Structures are given as C-alpha cells and as structure tokens.
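Protein chains: 2
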Amino acid sequence: MRSLRLAMAQINTTVGDLTDNADKILRYIDEARSLDADLVTFPEMAITGYPPEDLLLKPQFIQDNRKALQRVVEGCSGITAVVGFIDSGQDIYNAAAIIHDGEVAGVHHKNYLPNYGVFDENRYFQAGTDAPIFTINGIGVGVNICEDIWYATGPIISQAYGDAEVIININASPYHTGKGKFRERMLATRASDNAVIVSYTNLVGGQDELVFDGQSMIVDERGEVVARGKQFQEDLIVADLDVEAVFRTRLHDPRRRKEKLAFQQAQGAPKRIFVSPWVERRRKPLPPRCVEPLPPDAEVYEALVLGTHDYVRKTGFQKVVLGLSGGIDSSLTAVIAVDALGPENVLCVTMPSKFSSRGSIEDSEALAKNVGVKLLNIPIRDTYDAYLVALAEPFRGTEFGIAEENLQARIRGNLLMGLSNKFGWLVLTTGNKSETATGYSTLYGDMAGGFAVIKDVPKTLIYELARYRNRKAEWDIIPQSVIEKEPSAELKPDQRDIDTLPPYEKLDPVIHAYVVEDRSFEEMVAMGFDEAIVKKVITMVDRNEYKRRQAPPGIKITPRAFGRDRRLPIVNHYKSF
Amino acid sequence: MRSLRLAMAQINTTVGDLTDNADKILRYIDEARSLDADLVTFPEMAITGYPPEDLLLKPQFIQDNRKALQRVVEGCSGITAVVGFIDSGQDIYNAAAIIHDGEVAGVHHKNYLPNYGVFDENRYFQAGTDAPIFTINGIGVGVNICEDIWYATGPIISQAYGDAEVIININASPYHTGKGKFRERMLATRASDNAVIVSYTNLVGGQDELVFDGQSMIVDERGEVVARGKQFQEDLIVADLDVEAVFRTRLHDPRRRKEKLAFQQAQGAPKRIFVSPWVERRRKPLPPRCVEPLPPDAEVYEALVLGTHDYVRKTGFQKVVLGLSGGIDSSLTAVIAVDALGPENVLCVTMPSKFSSRGSIEDSEALAKNVGVKLLNIPIRDTYDAYLVALAEPFRGTEFGIAEENLQARIRGNLLMGLSNKFGWLVLTTGNKSETATGYSTLYGDMAGGFAVIKDVPKTLIYELARYRNRKAEWDIIPQSVIEKEPSAELKPDQRDIDTLPPYEKLDPVIHAYVVEDRSFEEMVAMGFDEAIVKKVITMVDRNEYKRRQAPPGIKITPRAFGRDRRLPIVNHYKSF
Chain A
1 MRSLRLAMAQ INTTVGDLTD NADKILRYID EARSLDADLV TFPEMAITGY PPEDLLLKPQ
61 FIQDNRKALQ RVVEGCSGIT AVVGFIDSGQ DIYNAAAIIH DGEVAGVHHK NYLPNYGVFD
121 ENRYFQAGTD APIFTINGIG VGVNICEDIW YATGPIISQA YGDAEVIINI NASPYHTGKG
181 KFRERMLATR ASDNAVIVSY TNLVGGQDEL VFDGQSMIVD ERGEVVARGK QFQEDLIVAD
241 LDVEAVFRTR LHDPRRRKEK LAFQQAQGAP KRIFVSPWVE RRRKPLPPRC VEPLPPDAEV
301 YEALVLGTHD YVRKTGFQKV VLGLSGGIDS SLTAVIAVDA LGPENVLCVT MPSKFSSRGS
361 IEDSEALAKN VGVKLLNIPI RDTYDAYLVA LAEPFRGTEF GIAEENLQAR IRGNLLMGLS
421 NKFGWLVLTT GNKSETATGY STLYGDMAGG FAVIKDVPKT LIYELARYRN RKAEWDIIPQ
481 SVIEKEPSAE LKPDQRDIDT LPPYEKLDPV IHAYVVEDRS FEEMVAMGFD EAIVKKVITM
541 VDRNEYKRRQ APPGIKITPR AFGRDRRLPI VNHYKSF
Chain B
1 MRSLRLAMAQ INTTVGDLTD NADKILRYID EARSLDADLV TFPEMAITGY PPEDLLLKPQ
61 FIQDNRKALQ RVVEGCSGIT AVVGFIDSGQ DIYNAAAIIH DGEVAGVHHK NYLPNYGVFD
121 ENRYFQAGTD APIFTINGIG VGVNICEDIW YATGPIISQA YGDAEVIINI NASPYHTGKG
181 KFRERMLATR ASDNAVIVSY TNLVGGQDEL VFDGQSMIVD ERGEVVARGK QFQEDLIVAD
241 LDVEAVFRTR LHDPRRRKEK LAFQQAQGAP KRIFVSPWVE RRRKPLPPRC VEPLPPDAEV
301 YEALVLGTHD YVRKTGFQKV VLGLSGGIDS SLTAVIAVDA LGPENVLCVT MPSKFSSRGS
361 IEDSEALAKN VGVKLLNIPI RDTYDAYLVA LAEPFRGTEF GIAEENLQAR IRGNLLMGLS
421 NKFGWLVLTT GNKSETATGY STLYGDMAGG FAVIKDVPKT LIYELARYRN RKAEWDIIPQ
481 SVIEKEPSAE LKPDQRDIDT LPPYEKLDPV IHAYVVEDRS FEEMVAMGFD EAIVKKVITM
541 VDRNEYKRRQ APPGIKITPR AFGRDRRLPI VNHYKSF
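Those protein sequences? They're chains A and B, same order as listed.
Take the first sequence: its letter number 522 is residue 522 in my numbering, and every next letter is one higher.
Take the second sequence: its letter number 347 is residue 347 in my numbering, and every next letter is one higher.
Below you can see the structure in the form of structure tokens.
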C-alpha cells in the first residue's frame, strides 16, 4: 500500500542568520531521516528567515543564501526535503527547493505575492507562473508557498487535476488572534474541494513585531485535520499519509473526473518532475499526533511570551529592565518577561514621585516578590524638583499641566535608559493598545524603551490576560489589588484615566472598529456606539500618529496592529465627520 | 495656425485636505481661464494630496474625494482641466480626470504603479490597461500619470502613434539631489523619440519626509525645454504650444510614418475621446518662461526650507524650539528654521553642562543674535547632579561612560519637550545623516523632537550648506568659529567626534556606498575605501537600525534616505564580511 511518511519541521529561524538557519535545517533533516521519513518540509524562506525585507535588495545576500542552500543540499542524502529560499536568475523569486539525495530536483516559485497588511512582496519578487508536480516516492506532490494556497483558483487546482495526491504548502504566516481557526477552515476546504491531502508547514518564532505561531498541520482529503503541531514552539510533526484514500475518493467522484479532463484539455497537463520512485519500506505505522489548539487567552499570552523572548535574545540581550508603577500594565509585562526570560533576567524599578500612592509602591513590591525579581527603588522627587528649578524662569506664571506631568514620565524614561546604558539591559515598555491608539502616553517617557510587549493588547484584554495568568498559577501572582484598582497615570493629584479617556470597556470596541476594521464615523454610530465617544476616539487616534511613529516595536496580536499594518501619514488633514 | 495655450498649475496640496485642495484647484482654474488658457493641468492626486497612504483603504475617503472632484467639475466652465484624483468602480485607480465645461469628458488610469523606494502603489491600486487620446481644442492630447512616462514602451508610444501631438503627464515626483536633471533628460528623450510635446506638471510642497520640488516643464518635439517653472514654490506656468511643429516634424520622418502604420496594424488604433473642437482664438502670444534650475547647494537648501515650513505648518504648529550646542548642525538647523518660519517663530535654547566649552555658549549666542531669535539659557548641571544622586546606589563602583553621557543629552531632550508641552512649540532635532547612519546620537536625547530637519544631510554637505548660506547672506550669519571648530558632542571632557567615528570626509562616501547604493563589503574595498573603516561603518549602520526606527521624521534629500526608502529588520543577523 502506497504511503508517504512526512515530517514537517516547524523551525524558528532568524532573519539573516544564513549559517545558523542552514545548520538547524540540517539537524532536522537528520532527525527526520532517523525517523524513516520520506519527505521533510521546512517553512517559507527557511534559509534566510522571514521577512528579510530590504536585505533582499543586496545581491550579496542573495548569493550567500544560495551558498547556504547548497550546504543543505549536500547534507540531504537518502531523503527528500522541501526548503524555502530565494531563487535568482534574471530576477529573484520567493522559492521552494525540492532536494533529493544531494541534488536539487526542482524549484517552485511562489505564484501569488502578498502586498497588503504587513506584506510587501511585490517590492522584491517576480511572481512564478507555473506550479510543477513532483513525483516523490512515486507519489504526485504539488509544492506551493503560503499565499498560493489562499486562492481557491491558485496552483492547487492545476496540481490536483494534474494528479498530485499531496500538496506541500510551506509558510511564514504571522499570528493574530483567531487566525489559526480561519487558516484551518480554509485548508480543510481546499483539501476536500480538491480531494487532496494538504500539508501546511508554518514558521515559528518572533521577528521584530511579528510572531509566527507554528501550528503546522495536515488535513486529509475529506478536510479532516489528521496532524497538528505545537503553537509557539519548534516541533517536528511526523505522519504517515494515506495516499490510497485520495485515490479511492477520486475514483468515486465521476463529476470530478469529468472536470479534470476538461481542465487538462483547456490548460494542458502541468509539468511533472521526477524525484524518486516508489520503494516499499517496512516501518511501524505512527500513531496520529494532533496537538489541541490553546484557548484564546492562553494563545495570546504565549504569543507575547515568545515574541518577547525572541526579540530580546535575537537582538543579543540577556537581561531586561522595566518600570513598575503598581498598575496592571507594568505588572502583566513583568510577568510575561519572567515567563519569557526567567526571573534572574528581569529587573524591575519603582520610581515613586510625590503623586505616587502608597498602594502603588506596595503593589510593585508584592508583584516583584511574587515573580521573584529584584526591585530597585529610585525616587524621582529631587530630580523633578531640579527640573522645576531649571525651568522656573521660562515656566513663570504658568499653571501645572501636561508639561509637568510629562517631565515626570521622562525622568523615569531617562533613569531606565541610564540603567540600560550602564548595564546593557534592554528596557521594556508597558503601554497597551488603548493608550497607543489614543496617545495616552508620554513620548520619551513611558514610551522610552527597546520593546513594547503589550503595545497591541487592548486594556480590556490586559485584564483577561492577568486573570488567565493567575488562574494558570493557581494563585494571585498579580495581586488582586492591582487588578481591581482604578487605572491612573499618577502624574498629578487624584488623576484617573477616566478623566481623559472614555471608560475602557467603551473605548476598546471603538478602537477596534476604527483601527482594525477601518469603519467610518457613520458606520460606527450606526453600530450603536456613542457619537461623542466615536468623535473623540477618531480625533485622538488621528492626532497621535506622530507619537506612534517614534514608538518602540511591539508584538502584533490583532489583525491590524500599529506598525507596517497601518500606514498613515502624519500630516493628514482628513476629517471624516 | 493651431496652437494650445497650456497652463500648468504646480500647486502645494495637503494630504487629506479635500476641501482646501479643491478650493485651490478652483482658484487656479479661474486664473488659467483669465489668462485665456485652453487647458490647465494639476499634479497627480491633486484632490487628495500625495501620498495618502492607508487613507486609501477607507471607502469613505474615496467617496469624499469624488465629491471634492465633483465640486471642481462644476466650477470648470469654459476651459479644460486635467486633475489627479482617485477613481473607483470595482476597484480603485490612481487617475486623471479630463474635465471640460462642467463635465468629466474622460478618465485615464495610471498604467504603471511604482512599488519600490518610497512607493507602495500596488498596495492600493489596480493598474489601468489603456491610454486613450483626448481631442482637446481639436488637438490630440495623450494624458498619463507619473511612472507611466518613465517607461519608454509605456502609454506614450500608443498615444504618439495614435496621433497625440501633446502628452500631458501629471506627477508627484519627490525630490532628491540630482533628480531634476535626470528627469529632464528622460523627458527630453521621450519627447524627441516620439516627436511629441511633453508637458510635465509636478506637485510642490512637503509631506512628512518627502519634498516635492515642482519644476514643472514643457519639452518640445525636438527635446528642447521650452518652459520651466519654479522649484520649491507654487507656480502657474503658461505657454503656447506650437503644435504645427509636431505635425511638420512627423511629416518629415518617413521611417516614423512607416513604424506608426505597423504599430497601429499590430495594436489597433487607440481609443479616442472627443472633448472640444478647434476654435480660432485671438490672443497675444506669450513670451517663453524658463526658470533656471538652482545650483546644487541652493537646491538642497531650499528643499530643507520648504520641507521644514510645510511640516511645521501642515501639522498645525506656529513656533519651533531647538537646542543650540554651538556646533554646526544646530546652527544650520536654526538658520533653516528662521528662513522657513521667520525669526519670531523660532526659539533657541542653550543648555550648558560642566563639559560645555565657553566657545560653545558664545557661538550659540552669536548665532542667535545673527538670525534675530530669542535664546534661552537653561543650565543642566544641577539636574544632572540630581540624576547622579538618584542613581548613586545602582551605579556604585562603575566608571563614567555612555550612561552618564546620554543622561545629559536626555536632560536636554526632556527640557525641550517640557517647553514644547508648555507652550505648544514643535521641537526640531539637529542630527545629520552621518550620525543617523552610525547611531552617533542619543535616543530620547538629541533625537527627541518632532522633526529632524537635516536627518538626510551628510556632515560634509552640512559644511557646504553653511558656507552657501553665508555666501548668500554676504556675511557670516553662521560664525566662522562654528564652521572651523572640531566637531564634538561635549558630553565628557575633551571629547571629539573623531574619537568614535572615522573623519567625516572618509565616513560619508562609505555611508553613501553602503546605504544609498547598497554596495557589498567587497565592492567597497575594491572601490578603494579603507577596509577597517568599511567594516566599522557596516557594523555601526546595521547595529543602529533600532535607533532609527524611533527617530523623528526628517526631509529626504538623497536617493535613499533612512525611512520608507530603506526597510531593514531590527532583528538581523546578516554578516556581509
């Protein structure tokens, strides 16, 4: 009975690290071989890491990527591998090499280049125009890349009608909440539409603002998920594909057989590239392995942990430092950092001012103790007073206001950066998406730092994540008082977020409608949102583009984050109401 | 004798300001009409401003742009106008409306969408596929948009072979040094290749990091420039086009007549849209008007002045504030700001530390006096000491270093931002391209501010611009001592730039080769650059991507600025040597 043992190597690559990426690919090839796999697959652009952006405009980078691929080719004996790389000739292509026994048997060029959202692939690549079928182990295998499979009329059609029984789709699909389900539904539909087994190998790991979630999977010809890998971790998912079932299903479908004939008559038979013949191998069948997806709150949390870990480590830092205010944002950020890096690599600083409440300091101390991190206490009162003296002359006759509030936030930023410069610790910032959207934050103050862990997490979700983390710990790692207190920046007496912003449970849905969904003012009012709040939010979001432009990078977890997802001019006079 | 009086309205639009842009277009239509013009042309996307970026993803914005166009259409009686806007149907298009006498006679959709450098037009638009010819005043006129004319085999071919005698190309072409000449040469070649008069209407004004330089022009069928507008200013360039000369030239070219026939037989005759018949009008012929291009140093200087003016005014600010160090960068920035906004709108601050030399303060005072601006003196010594006390415990046992240097720069940043927040002044930063490239600057310190005037100007060019400005003034507005002193950050005793960086005359060419030209290490060494310097520069440029990502926007004046021109990942392990 024909079958194919497939190993999907869901690896964590690093952009530009051609040597390490190739080494890792070679290690996984060895492991797949030792497990008697016929075929091992790697993510899109596994050689270069994804996305390499304008590195692709450097001819030397393209050459070096080919050399790294060559090393992989030479190490690939006795097994077939599909490896993402950059192909080049008269132009460059986002490509998959089909490697067998020390030779490149063929190459697929991505047909559909995404150029929306966070993607700019038209900036770099020429699109491929065909989609050959490879005979691997005597079985027809169609290889395609990422976006290729999002089109119902894409390469999968000609490949399936050309008698491919297995589709290998290699990917670098960035995470956002809910995408896993959407992806799985699409893959199931493609598989059953085309009576084909679909294997989907995704990248895992953080790269700047993106997190790739892994969760590689295999869907059978009926659209059933028969294998699923871990989320947010490297994984090697090995499965025996029941190719005979594909053959049987197709035999039983006369309409499909008729349509195939018509398609082939119209388009011609697709190119077929021979890789290796069918060899009967005795091996013990593998049990199916299907990791269950995480529930929504755990999923977001793990995305933040992995994104933080990878940004810190891949930029070469060991330790991080952050300011604890006693509020929920910095508390959650600290816990995520500890989960990502270990308590020994996280330093917290409380920087009380004359406006800090006793509770804030106590809560910071409790949090630091709970997660086992060192807490420095650096009061800012005297430094603040020094500024007021220095500015006494120009500020004469003015009242306490935003300037004085921001001075304090910027002193804290300066202190954290001082520690960073002195000891080589990366500063984590603690602003959430509700603040980022409305500009309720101080540029060079609480926005000062190298990485903004929860930048794309709305405040209402911050609370959910805090509660999730406490549930997981089975005790209040984040003190209840932190969760229950009224949000305040504590930059003037009796300040409350609610004095400046709408209540978060009203604010967040409007931000979602405006920023993520690009809804118009009229639509939002029709959706039942309060008109005054909608106007306020639109105005705040639009006015603060300049501030976001200077914000540190942070992890995208929603369908549209502030970053390359959403490119708005700073000079922008458009008024939509 | 057939002729066409053409008015090119080189206007300064504002992104998103649909009402003001339409009002301005209507005013120029009136003016062109009063000058007896047959045809008036406006820049690419004149209705919306350019580039509107992701505003284009808002359906309401597209609708509102159509409404604004409709107002222009209604006000366009007795004259023909070509106006850039966003057309929409099943998709959206970068389009030119050909409007005559209160009606839209036809529309051209841009055929070639740039998706490189600063451009992302594939993100938004569907490309047009045809290029109709419009009969305006009885004369064949081909309309196309920007990138369309950069392709020798683009729409101009079918339009010229389809008997268009005039090509109207509307543009939003961002400035960089040397581009004007390159553009003019290309236009001259297109015109003589196709024996056609080419009119090129460019946008003028600043938009975020881009400056559009105007310099609209008309090139006759022999490739001679017959009209040229101002650079960096609004202008209405009116000229009588000698269409009979085109006819004569074509009659005298039997090869062209043969090729035209072959082309039309192969491609079919292009679509022709009638707009208005030939009407003999008596009017006094206009003298040719050809503004001479500025010399290179003046050109860059004016780009900086306009870019600064427009960013400040279009973001709604009246006044700016900047720190004067006594060095050449801040001195030049101050002079540019004064030229852009007037001395009454510029405030300078000297913020001496214990490491500031007496000369630095005196030079700052001299500069402020020379340009007639107010100078605040806010010493930072006591504030700095307050920080050292606050940090005494964590810093115990460490030596004075980068941390202490940056503290000072960040105190200055905090003071300037305090003044900004208190009085609503925009902070200008004063870092040059050599610093931006190498990261020789303090994040949240001297990099703190809303706009980075000279961010894309290499240090060696800074000197040239300073000398240019003094020559123009016919006295040393920028004191000679400022120009002659050795560059220093003055953040520690006896500090000199040369202790950290290669000398600027060696550094700048390497930055140009690496950043602007994307040369590889080996190429740069082969070009004769010192190997150690090349290695140092590559390392510094690569390592400081994170810093640039949080830098304020600044004016692009080179072919590749740090900004959306050059998109490199922060996490980037690529080693090219």
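For glycine and all other residues, C-beta sits at the position ideal for the given N, C-alpha and C.
Since this is a predicted model, take the numbers as computed values, not measurements.
Write down the C-beta distance between L416 of chain A and S364 of chain A rounded to the nearest angstrom, noting that I regard them as a contact closer than 8 Å. Between S364 of chain A and L416 of chain A the Cβ distance is about 14 Å, and since that is not below 8 Å, they are no contact.
Does the pairing of the region 167-181 of chain B with the region 274-285 of chain B give three or more beta-carbon distances under 8 Å? no
8 Å Cβ cutoff met for V219 of chain B and L187 of chain B: yes
Contact criterion: CB-CB distance below 8 Å. Does T350 of chain A meet it with respect to chain B? no
By the 10 Å Cβ neighbour count, where 16 or more other Cβ atoms means buried, how is I145 of chain B classified, buried or exposed? buried
Strictly below 7 Å CB to CB, what residues from chain A border K110 of chain B? Those do not exist, as K110 of chain B stays about 15 Å from chain A at its closest Cβ, beyond 7 Å.
Identify whether T350 of chain B lies in helix, strand or coil by the three-state DSSP scheme. strand
Between K319 of chain A and the rest of its own chain, which residues show a CB-CB distance below 6 Å, the 5 nearest in sequence each way excluded? N345 and W425
What first and last residue would you give for the beta strand (DSSP E) that runs through M217 of chain B? M217 to V219
Here's a check: name, in chain order, each residue in its chain whose Cβ is nearer than 6 Å to the Cβ of P569 of chain B, leaving out the five neighbours to either side. none
Go ahead and label A227 of chain A buried or exposed: buried means 16 or more other beta carbons lie within 10 angstroms of its beta carbon, across all protein chains shown. buried
How is Q63 of chain B classed by DSSP in three states: helix, strand or coil? helix
Check whether the region 377-396 of chain B and the region 352-362 of chain A are in contact - that is, three or more C-beta pairs closer than 8 Å. no
Between which two residues does the alpha helix (DSSP H) containing I538 of chain B stretch? E531 to R543
From G401 of chain A to N544 of chain A, what distance separates their C-alpha atoms? 19 Å
Quick check on this structure: which residue in A:L56, A:G142 and A:A298 has the alpha carbon closest to the alpha carbon of R469 of chain A? A:A298
DSSP-derived helix/strand/coil call for T323 of chain A: First, the amino acid is wrong: residue 323 of chain A is Gly here, not Thr. Strand.
DSSP-derived helix/strand/coil call for N194 of chain B: helix
Given C290 of chain B, which residues of its chain have a CB within under 8 Å of its CB, disregarding the five upstream and five downstream residues? V225, V226, A227 and R228
Check whether the Cβ of L322 of chain B lies closer than 8 Å to any Cβ atom in chain A. no
Please state whether DSSP places V107 of chain A in a helix, a strand or coil. strand
So I557 of chain B and V453 of chain B are in contact, right, with Cβ under 8 Å, and what is the actual spacing, rounded? With a Cβ gap of about 10 Å, I557 of chain B and V453 of chain B do not count as contacting.
Taking 8 Å as the threshold, find out whether the region 437-448 of chain A comes into contact with the region 467-483 of chain A through three or more Cβ pairs. no
With DSSP as the reference, please indicate the residues paired to G316 of chain A in a beta bridge. According to DSSP, G316 of chain A bridges with nothing at all.
Between P52 of chain A and chain B, is any beta-carbon pair separated by less than 8 Å? yes
Do V571 of chain B and K314 of chain A have their C-beta atoms within less than 8 Å of each other? yes
Can you pull the chain A neighbours of P569 of chain B, defined as C-beta to C-beta under 8 Å? V15, G16, P51, P52, E53, L55, Q207 and D208
Give me whichever residues DSSP pairs with L304 of chain A in a beta bridge. Note: L304 of chain A sits in no beta bridge, so no partner.
Are there three or more Cβ pairs, one per stretch, closer than 8 Å when the region 90-104 of chain A is compared with the region 85-97 of chain B? no
Rounded separation between A561 of chain B and L332 of chain B - CA only: 19 Å
Own chain residues within Cβ distance below 7 Å of S276 of chain A, not counting five before or after: T80, H100, I136 and N137
So, for M524 of chain A: in the same chain, excluding its five sequence neighbours on each side, which residues have a beta-carbon less than 6 Å away from its beta-carbon? A513 and V534
Starting from Y384 of chain B, trace the alpha helix (DSSP H) both ways and give me its first and last residue. R381 to A390
Between I62 of chain A and L236 of chain B, what straight-line distance do the alpha-carbon atoms span, to the nearest angstrom? 48 Å
Mind checking if S576 of chain B is an interface residue toward chain C, Cβ cutoff 8 Å exclusive? No chain C is part of this structure, whose protein chains are labelled A and B.
Thinking C-beta only, is S192 of chain B closer than 8 Å to E221 of chain B? yes
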